[in-house]
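Residue numbers (the UniProt record's numbering): 1 to 114.
Okay, structure first, notes after.
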Amino acid sequence: MYLRPDEVARVLEKVGFKMDVATPKTYGYRRGDNYVYVNREARMGRTALIIHPTLKERSLSLAEPASEIKTCDHYQNFPLYLGGDAQEHYGIPHGFSSRLALERFLSGLFGEFQ
Numbered sequence: 001m002y003l004r005p006d007e008v009a010r011v012l013e014k015v016g017f018k019m020d021v022a023t024p025k026t027y028g029y030r031r032g033d034n035y036v037y038v039n040r041e042a043r044m045g046r047t048a049l050i051i052h053p054t055l056k057e058r059s060l061s062l063a064e065p066a067s068e069i070k071t072c073d074h075y076q077n078f079p080l081y082l083g084g085d086a087q088e089h090y091g092i093p094h095g096f097s098s099r100l101a102l103e104r105f106l107s108g109l110f111g112e113f114q
């Protein structure tokens with residue numbers, strides 16, 4: 001069982017991320033120069049956290065991605081995916097089974113919250 005999108009959002013807020021955009025498909029969160037999305041369509045939570053593609057290599061030592069990529073036209077702060085016909089942006093999806101696992105991942109990827 002994975003954390004639901006609303007649970008992921010609460011953990012992000014706990015570690016200092018601030019929501020700056022909400023759409024029917026996503027919540028966008030910023031902390032300093034770091035940006036992540038919460039995939040609101042991830043009912044079962046397997047792809048609830050979406051990180052920037054440039055963080056993929058660094059994130060591999062912390063957690064296995066749920067899939068290679070996740071595309072969505074709402075991921076405006078992420079690069080365009082050039083492999084498809086639609087003008088969609090993409091990120092790397094992750095799911096976590098506990099708040100602690102998500103907090104450890106965020107700390108390892110972005111550093112401790114001050």
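Cβ atoms here follow ideal geometry from the backbone N, Cα and C, with glycine treated the same way.
Going straight from the alpha carbon of Phe96 to that of Tyr2, what length do you get? 5 angstroms
According to DSSP, which residues form a beta bridge with Leu80? Checking the DSSP bridge columns, you'll see Leu80 partnered with His89.
Expressed to the nearest angstrom, what Euclidean distance is found between the alpha-carbon atoms of His89 and Ile69? Their backbone Cα atoms lie some 10 angstroms apart in a straight line.
Inter-residue Cα distance where the pair is Arg30 and Tyr75: 13 angstroms
Nonlocal neighbours in the same chain, by C-beta distance under 8 angstroms from Ala63, ignoring five residues either side: Non-local beta-carbon contacts of Ala63 in its own chain, meaning distances under 8 angstroms to residues more than five positions away in sequence, involve His94, Phe96, Ala101 and Phe105 in chain order.
Straight-line CA distance for Val38 to Gly84? 22 angstroms
DSSP state of Arg31, grouped into three classes? Three-state DSSP puts Arg31 in a strand.
Who are Leu49's beta bridge partners in DSSP? Val38 and His94
Using 10 angstroms around the beta-carbon of Leu82, count the other beta-carbons present and answer buried if the total reaches 16, otherwise exposed. The C-beta of Leu82 has fewer than 16 other C-beta atoms within 10 Å across all chains shown, which makes the residue exposed.
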